[in-house]
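Worksheet: the structure to be examined is printed underneath.
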Ligand SMILES: Cc1cc2nc3c(=O)[nH]c(=O)nc-3n(C[C@H](O)[C@H](O)[C@H](O)COP(=O)(O)OP(=O)(O)OC[C@H]3O[C@@H](n4cnc5c(N)ncnc54)[C@H](O)[C@@H]3O)c2cc1C
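In this note's numbering, the protein residues as written are 373 to 822.
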């Protein structure tokens, strides 16, 4: 069935309301820019883990841009506003038996944020990164105009936008692909005691294309698990990890498990993977008192931001990173993490580029390689100068042809950074789409934390 483009669909009440919101935002941007200040986003939630300097930046309020405008069930496409959270989007699509092709696992991650970073999850071994599931975007530029881009319309912006972290403009509306979902997901957890066998098995599972979802967890050097997920209409039972039971602990106890599709996509949110341990909510009495409504990543983010403001800790280094390593170097990177960084557990998520013939300028991933995403999020006791452990990670990732997510702290010098991220392509995009410097440059934003 023929599907309409963003430019063609402009007549429904939802689209009219979107147009009004867009006009108000454009006005707000003009006011913010009147004194030449650079512009940033004002949002209720954020999954950034680096401090943002507030001085000199005017924030525009994009909180209204969180609507699912239309779901085209025949073509399996959602027309959605850029600051819609994946929780809001999945709630709408699940009513129709559909899910976003890739659902990053924290409920407050927005679709625009996942494109601007490099969003992945356990379906990414099959469908690639979040931005590869996007067909078309409408982007607000710094001069107050909006522009539609796709593979055929303004393709330089379409292919240059992913991983630009809001430094070229903001996605206000986009079309994203969906997949059919079933009621339940059947999980199979398999234990490994040897890293080489573990990663070899992850590679084999990814090649088989038999599964809907694949990820893994390393608990320590001698205990790691692959988890495969398959959609199913029927289940003998459905486990509940939204209150008294903790999902990551179940991986060690069960070989097979069943979750509703809804609970599967949010399996990591309730305990922020395992990071909820810092708030003591993995102890049954505290969990009971917390109530299930408070057990989610949004609560933990709020507490964490508050506690950092109140009592920054001088004797620890925050090591919160997602690093993508080619499969052939995965064992070496794991050995390095276990030896030098010692943050456990570690989340492993395999992914590959969906269409190897397509190049996204700022991603820098080899389109023919299967990558392992290593997610590790904790603090390390440290008497070393600031950034010591994060710098070790950056150097090791570079040595192994890996890439590091930019949502957290980064320490690259400018020359190294632009060796990793195509400076020439970025400068051409910046000159064309943000000549007035409304948004901070990518290096300033992600490394200098301006
Ligand atoms: C513990 C932890 C684990 C994580 N694990 C994963 C993971 O497994 N998979 C995964 O995919 N991601 C993961 N992330 C990263 C997360 O997806 C990125 O940080 C993402 O950019 C957050 O999106 P957000 O909507 O919260 O945006 P924000 O945090 O609000 O913003 C992030 C950046 O994107 C820009 N931005 C936000 N919205 C837009 C928009 N509409 N248009 C243009 N630019 C925009 C902002 O300017 C900012 O620079 C993890 C993060 C944390 C903290």
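By construction, the Cβ of each residue, glycine as well, lies at the ideal position given by its N, Cα and C atoms.
If you check the beta carbons only, do residue i and residue j fall under 8 Å apart?
i: residue 818; j: residue 771; result: no
i: residue 702; j: residue 756; result: no
i: residue 721; j: residue 492; result: yes
i: residue 811; j: residue 538; result: yes
i: residue 519; j: residue 542; result: no
i: residue 693; j: residue 765; result: yes
i: residue 440; j: residue 461; result: yes
i: residue 378; j: residue 448; result: no
i: residue 482; j: residue 456; result: yes
i: residue 585; j: residue 598; result: no
i: residue 689; j: residue 780; result: no
i: residue 454; j: residue 545; result: yes
i: residue 536; j: residue 814; result: yes
i: residue 504; j: residue 727; result: yes
i: residue 635; j: residue 561; result: no
i: residue 555; j: residue 633; result: yes
i: residue 641; j: residue 611; result: no
i: residue 465; j: residue 417; result: no
i: residue 540; j: residue 806; result: yes
i: residue 343; j: residue 393; result: Here the chain covers residues 373 to 822 and nothing more, so residue 343 does not appear.
i: residue 478; j: residue 419; result: yes
i: residue 559; j: residue 631; result: yes
i: residue 489; j: residue 777; result: yes
i: residue 498; j: residue 581; result: yes
i: residue 691; j: residue 773; result: no
i: residue 515; j: residue 747; result: no
For my contact list, residue i and residue j are in at a C-beta cut-off of 8 Å; report their separation, rounded to the angstrom.
i: residue 547; j: residue 602; result: No, residue 547 and residue 602 are not in contact; Cβ-Cβ is about 28 Å, not under 8 Å.
i: residue 656; j: residue 616; result: 7 Å
i: residue 737; j: residue 775; result: 6 Å
i: residue 741; j: residue 698; result: 5 Å
i: residue 474; j: residue 452; result: In fact, because the Cβ distance is near 14 Å, the residues do not count as touching under 8 Å.
i: residue 430; j: residue 404; result: 4 Å
With a threshold of 8 Å between beta carbons, is residue i in contact with chain D?
i: residue 723; result: The structure shown contains no chain D, having only a single protein chain.
Which first and last residues belong to the alpha helix (DSSP H) in which residue i is found?
i: residue 790; result: 786–792
i: residue 832; result: Since the first residue of the chain shown is 373 and the last is 822, residue 832 is not available in this structure.
i: residue 410; result: Not the alpha helix (DSSP H): residue 410 falls in the beta strand (DSSP E), residues 410–414.
i: residue 460; result: 458–466
i: residue 578; result: 567–580
i: residue 659; result: 656–662
i: residue 797; result: 795–805
i: residue 622; result: 619–625
i: residue 561; result: Premise fails: residue 561 lies in the beta strand (DSSP E), 556–564, not in any alpha helix (DSSP H).
i: residue 450; result: No alpha helix (DSSP H) contains residue 450, which is instead part of the beta strand (DSSP E) from 449–453.
i: residue 401; result: 385–405
i: residue 484; result: 483–488
i: residue 747; result: Careful: residue 747 lies outside any alpha helix (DSSP H), inside the beta strand (DSSP E) at 743–753.
i: residue 496; result: 496–499
i: residue 472; result: Per DSSP, residue 472 belongs to no alpha helix (DSSP H); it is in the beta strand (DSSP E), 470–472.
i: residue 703; result: 702–708
i: residue 529; result: 527–532
Over what stretch of residues does the beta strand (DSSP E) that includes residue i continue unbroken?
i: residue 688; result: 688–698
i: residue 819; result: It is not in any beta strand (DSSP E) - residue 819 carries neither H nor E in the DSSP assignment.
i: residue 542; result: 542–552
i: residue 729; result: That residue, residue 729, is in no beta strand (DSSP E); it is neither H nor E in DSSP.
i: residue 605; result: Looking at the DSSP string, residue 605 is not in any beta strand (DSSP E), and its letter there is neither H nor E.
i: residue 887; result: Residue 887 lies beyond the residue range present for the chain, which begins at 373 and ends at 822; the question has no answer from this structure.
i: residue 585; result: 585–592
i: residue 666; result: Note, residue 666: premise wrong, no beta strand (DSSP E); not H, not E.
i: residue 357; result: Within the shown structure, residues of the chain are numbered from 373 to 822, placing residue 357 beyond reach of any answer.
i: residue 629; result: 628–632
i: residue 512; result: 506–512
i: residue 522; result: 518–522
i: residue 651; result: Element bounds for residue 651: n/a, residue is neither H nor E.
Quick one: is the Cβ of residue i within less than 7 Å of any heavy atom of ligand 3?
i: residue 694; result: Among the ligands present in this structure, namely ligand 1, ligand 3 is not found.
Taking one C-beta from the region 530–542 and one from the region 720–736 each time, how about it: are there three or more such pairs within less than 8 Å? yes
Evaluate contact between the region 565–583 and the region 642–655, counting only Cβ atoms and requiring at least three cross-stretch pairs below 8 Å. Judged by Cβ distances under 8 Å, the region 565–583 makes no contact with the region 642–655, as fewer than three pairs qualify.
Can we say the region 656–667 touches the region 619–637, given the rule of at least three CB pairs closer than 8 Å? no
Count the CB pairs spanning the region 402–414 and the region 381–390 that are closer than 8 Å, and state whether there are at least three. no
Quick check: the region 582–592 against the region 708–721, are there 3 or more CB pairs under 8 Å? Taking a cut-off of 8 Å for Cβ pairs, the region 582–592 and the region 708–721 touch, as three or more such pairs fall below it.
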